[in-house]
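Going left to right, the sequence shown walks through residues 6 to 146 as the working numbering numbers them.
Glycine included, each C-beta is placed from N, C-alpha and C at the ideal position.
Computed from a prediction, not measured in an experiment: that's the story for all the values here.
Data block below; observations after.
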Amino acid sequence: MAVMALAMVITLEKELPDAAAAYTKGASGKALARESDRLDSAARRCHVTALTGMLSESPAALAEQMRAEGFDPSKMRLPPEQWFPAADGLKTIRGLVEHVTANLNDFKFPNPILRDLRAAEALLAAADASGVRFHFTKTEL
6 MAVMALAMVI TLEKELPDAA AAYTKGASGK ALARESDRLD SAARRCHVTA LTGMLSESPA
66 ALAEQMRAEG FDPSKMRLPP EQWFPAADGL KTIRGLVEHV TANLNDFKFP NPILRDLRAA
126 EALLAAADAS GVRFHFTKTE L
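Set out below in structure tokens:
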């Protein structure tokens with residue numbers, strides 16, 4: 006079985022087509038998923054919410070994933086999808102951009118991380134301006 010690359014991407018509660026198109030073009034989310042442990046620890050040092058603290062999934066997608074892995078989701082209570090204010094995500098993203106930029110040598114590949122963070126910042130700024138909530142979702146590419 007081939008191992009799929011993981012990505013951590015932003016899911017919006019309501020579509021913002023122009024902002025989402027720019028986000029999709031600007032980021033893959035792979036660097037955020039690959040470096041999530043290091044970024045979460047940086048978030049703690051910056052006193053902002055960790056990226057993984059804003060992870061959620063739709064119950065339907067979770068059930069589908071569980072069935073694919075051989076589990077029966079009807080026998081389990083799936084958590085409800087959680088949404089976060091875009092302003093909270095912006096605070097985290099901006100704190101991490103600042104931290105990664107100031108500590109480039111702490112990261113093996115800082116440029117892809119910064120590219121993903123900056124694309125996330127642009128999408129969350131548009132979401133915040135529109136009053137749209139979000140969450141991060143882990144996905145396979």
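Delimiting residues of the alpha helix (DSSP H) encompassing residue i
i           : result
residue 71  : 64-73
residue 96  : 91-107
residue 37  : 35-39
residue 111 : Element bounds for residue 111: n/a, residue is neither H nor E.
Beta bridge counterpart(s) of residue i as assigned by DSSP
i           : result
residue 119 : According to DSSP, which records beta bridges pairwise, residue 119 is partnered with nothing at all.
residue 15  : 141
residue 21  : According to DSSP, which records beta bridges pairwise, residue 21 is partnered with nothing at all.
residue 60  : 141
Sequence-distant residues of the same chain with beta carbon closer than 8 Å to residue i, five excluded per side
i          : result
residue 86 : 61, 62, 63, 64, 140
residue 50 : 104
Cutoff 6 Å; reference residue i; Cβ partners in own chain excluding five residues on either side
i           : result
residue 109 : 115
residue 128 : 15, 24, 28
Short Cβ contact (8 Å threshold) for residue i with residue j
i          : j           : result
residue 97 : residue 54  : yes
residue 31 : residue 124 : yes
7 Å Cβ shell around residue i - same chain, five flanking residues per side excluded
i           : result
residue 144 : 12, 14
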